[in-house]
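Structure record follows, encoded as structure tokens.
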Amino acid sequence: METTNEFTLVTGADRLTPSSYANVVDYFSFLMIRDYLYKLYKKEIYDESLVAEKMLGVKNNADHFIKSISPEFENAGIASFKEQFIYFFVNYNGCEYIISFVINIEVRIDELVLYIVGIEGINGKSSYQLFSELKKAAIKNSSLKNQIIEIKDSKFTSDLLNNIEVHPAPDIKLDHLFISKKVIAHIERLIFELNNYKFGKKTFKYLFNGKPGTGKTQLISAIVSAVYGKITTVVVKGTEYKFKDIFDFCSIFSPSLLVIDDLDFIAEERKTSNSNRNLIDLLHALDGMYSSPIFFLAATNDKNLVDSAASRPGRFDMIFDFTSIEKANYMSLIKRETVEPQIIEMFDENVLRFFEEKNVSGAFIVNLIKQLISMKEVNEEFGQQDLFELLSLTYDGFYDFNDKALKKVIGF
Numbered sequence: 000m001e002t003t004n005e006f007t008l009v010t011g012a013d014r015l016t017p018s019s020y021a022n023v024v025d026y027f028s029f030l031m032i033r034d035y036l037y038k039l040y041k042k043e044i045y046d047e048s049l050v051a052e053k054m055l056g057v058k059n060n061a062d063h064f065i066k067s068i069s070p071e072f073e074n075a076g077i078a079s080f081k082e083q084f085i086y087f088f089v090n091y092n093g094c095e096y097i098i099s100f101v102i103n104i105e106v107r108i109d110e111l112v113l114y115i116v117g118i119e120g121i122n123g124k125s126s127y128q129l130f131s132e133l134k135k136a137a138i139k140n141s142s143l144k145n146q147i148i149e150i151k152d153s154k155f156t157s158d159l160l161n162n163i164e165v166h167p168a169p170d171i172k173l174d175h176l177f178i179s180k181k182v183i184a185h186i187e188r189l190i191f192e193l194n195n196y197k198f199g200k201k202t203f204k205y206l207f208n209g210k211p212g213t214g215k216t217q218l219i220s221a222i223v224s225a226v227y228g229k230i231t232t233v234v235v236k237g238t239e240y241k242f243k244d245i246f247d248f249c250s251i252f253s254p255s256l257l258v259i260d261d262l263d264f265i266a267e268e269r270k271t272s273n274s275n276r277n278l279i280d281l282l283h284a285l286d287g288m289y290s291s292p293i294f295f296l297a298a299t300n301d302k303n304l305v306d307s308a309a310s311r312p313g314r315f316d317m318i319f320d321f322t323s324i325e326k327a328n329y330m331s332l333i334k335r336e337t338v339e340p341q342i343i344e345m346f347d348e349n350v351l352r353f354f355e356e357k358n359v360s361g362a363f364i365v366n367l368i369k370q371l372i373s374m375k376e377v378n379e380e381f382g383q384q385d386l387f388e389l390l391s392l393t394y395d396g397f398y399d400f401n402d403k404a405l406k407k408v409i410g411f
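Numbered as in numbering that gives the first Met the number 0, the sequence shown ends at 411 without a single skipped number.
Okay, here's the thing in structure tokens:
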């Protein structure tokens with residue numbers, strides 16, 4: 000047996016007996032749980048119910064390639080080990096356990112690498128509860144805390160951790176947006192509560208309603224940016240997962256901000272099943288049945304689709320209606336998107352009147368300017384006539400009107 004300053008290395012003859020509970024986990028879970036126990040062992044963190052008393056490692060004598068830490072985890076502060084087998088002797092609520100981390104390599108046509116976490120209760124105690132609590136604690140204390148996490152759809156696995164993606168803070172601020180001062184005042188109050196939850200202990204649930212292109216998603220991005228690093232944000236954009244699983248995941252962090260960018264799919268679910276489990280879980284969350292503090296932001300293109308269930312009084316603290324950008328803000332938006340004098344000068348009264356008469360969205364104007372910048376790069380001599388031709392072409396492509404109302408809008 001060979002000893003280092005960090006932990007003890009044992010040879011194959013010293014290997015521990017098989018665990019009474021073993022679970023094949025995804026790579027990220029394997030890293031997080033192992034790293035959490037290592038930090039407990041090094042006394043970098045503290046858990047009143049769990050003490051890591053001893054750590055053992057088995058040398059890897061097999062000449063196989065073991066997957067290294069993925070690029071997205073390299074700067075996550077996760078400890079790296081060369082050993083193929085790692086063991087921790089822990090005390091959990093007064094009972095002794097051995098927790099093993101095994102990288103099992105099956106050599107076939109391609110190498111299959113399995114990441115196994117095993118738990119053996121020395122005193123015959125149940126190991127499953129420890130594994131469940133260990134995974135929650137590892138997530139809570141991992142590099143995911145206070146990050147922006149997107150839960151991506153998957154038809155192949157029910158494990159959320161297999162399908163999460165960490166994002167940087169959006170590059171957008173409240174003062175970049177053209178939203179009424181009354182709405183901004185409430186949003187600033189929400190941001191204050193998000194950043195200072197430990198003092199106020201209040202959570203809020205806001206619903207943003209309006210046609211595509213009216214600024215809902217940009218406002219949500221600005222809020223997420225304003226609270227980045229101070230709260231864990233979980234973003235869901237339509238999901239194959241159950242709402243209960245999503246809320247349970249959010250509950251691990253205290254507090255957290257859950258963002259559902261599109262609630263409209265709920266209407267489709269309600270059409271197919273009156274007892275839809277997903278909708279019931281959402282309504283329970285909105286009614287405050289989850290004890291963990293979760294702030295909630297959601298957006299819909301038509302609040303009437305969810306009025307009878309999710310948006311009844313009391314389920315959301317506030318519901319904001321978004322409309323097309325006001326005429327007074329046209330030029331401010333244009334100058335925000337470009338500093339090219341040649342392009343800015345093209346937006347004369349005739350063009351602005353067109354915007355007003357057609358009730359175009361901010362998204363339409365932003366995309367129009369994007370096209371103009373591209374046209375200028377190709378042909379610096381393009382002029383007003385080119386702009387009007389582009390207006391006609393893009394407007395017909397963006398909007399399909401009947402005599403009374405907008406039926407379809409493609410925007411952000």
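Note that CB positions come from ideal geometry on N, CA and C, so glycine has one too.
Asked, Found
"Just mark Y127 as buried or exposed, buried being the case when its beta carbon has 16 or more other beta carbons within 10 Å.", "exposed"
"Assuming E339 contacts I364 under a Cβ cut-off of 8 Å, what Cβ separation, rounded to an integer in Å, is found between them?", "Not really, about 15 Å apart at Cβ, beyond 8 Å."
"Roughly how many angstroms lie between the CA atoms of V350 and A136, to the nearest whole one?", "57 Å"
"With respect to the beta strand (DSSP E) encompassing V89, which residues constitute its N-terminal and C-terminal limits?", "F84 to Y91"
"Among F252, D280 and K201, whose alpha-carbon lies nearest the alpha-carbon of T232?", "F252"
"Starting from N194 and walking both ways along the alpha helix (DSSP H), at which residues does that stretch end?", "K180 to N194"
"How far does the alpha helix (DSSP H) with A51 in it extend, from its first residue to its last?", "Element bounds for A51: not the alpha helix (DSSP H) but the beta strand (DSSP E), L49 to V57."
"Using only alpha-carbon positions, find the residue among I102, D170 and K197 that is nearest to S220.", "D170"
"Which residue's Cα is closest to the Cα of A225: L389, N208 and I186?", "I186"
"Anyone know if the C-beta pair for I147 and I245 falls short of 8 Å?", "no"
"Look up I97 in the DSSP assignment and say whether it is helix, strand or coil.", "strand"
"For A298, write down the residues that DSSP places opposite it in a beta bridge.", "F207"
"Kindly give me the distance between the Cβ atoms of T337 and I368, rounded to whole angstroms, as I take these residues to be in contact under 8 Å.", "5 Å"
"Do you know how far the Cα of L173 is from the Cα of I222?", "7 Å"
"Could you spell out the range, first to last residue, of the alpha helix (DSSP H) harbouring V417?", "One cannot answer for residue 417 here, as it falls past the ends of the chain, which runs 0 to 411."
"For I98, count neighbouring C-beta atoms within 10 Å of its own C-beta (all shown protein chains included) and say buried if the count is 16 or more, exposed if not.", "buried"
"Can you find the residues in the same chain that come closer than 7 Å, C-beta to C-beta, to L392, ignoring five residues on each side of it along the sequence?", "none"
"Just checking my contact of F242 with A284 at CB under 8 Å: how many whole Å lie between their CB atoms?", "7 Å"
"Relative to the C-alpha of D247, which candidate in K326, L159 and V182 has its C-alpha closest?", "L159"
"Put G120 into one of helix, strand or coil per three-state DSSP.", "strand"
"Rounded C-beta distance between Y96 and G120? I'm assuming under 8 Å.", "5 Å"
"Among residues of its own chain, excluding the 5 on either side of E105, which ones have a beta-carbon nearer than 6 Å to its beta-carbon?", "L111"
"Considering A327, what are the terminal residues of the alpha helix (DSSP H) in which it resides?", "Unbroken run through A327: none, as it is neither H nor E."
"What does the alpha-carbon distance come out to for the pair A21 and Y394?", "59 Å"
"If you count every other CB in all the chains shown that lies within 10 Å of the CB of Q217, and 16 or more means buried, which is it?", "buried"
"Excluding sequence positions up to five away, which residues of its chain have a Cβ less than 6 Å from the Cβ of K53?", "F88"
"Helix, strand or coil for S360 per DSSP?", "coil"
"Go ahead and pull the three-state DSSP assignment for Y20.", "strand"
"At the level of alpha carbons, what is the spacing between Y35 and L49?", "11 Å"
"Where do the N-terminal and C-terminal ends of the beta strand (DSSP E) with I148 fall, by residue?", "I147 to I150"
"Along the chain, where does the beta strand (DSSP E) that runs through E164 open and close?", "I163 to H166"
"Enumerate in chain order the residues of its own chain whose CB-to-CB distance from F315 is below 6 Å, with the five nearest sequence positions on each side excluded.", "K204 and L206"
"Hey, could you find the ends of the alpha helix (DSSP H) D244 is sitting in?", "F242 to I251"
"Would K236 pass as a contact of D261 if the rule is Cβ separation under 8 Å?", "yes"
"Are the CB atoms of L332 and I324 nearer to each other than 8 Å?", "yes"
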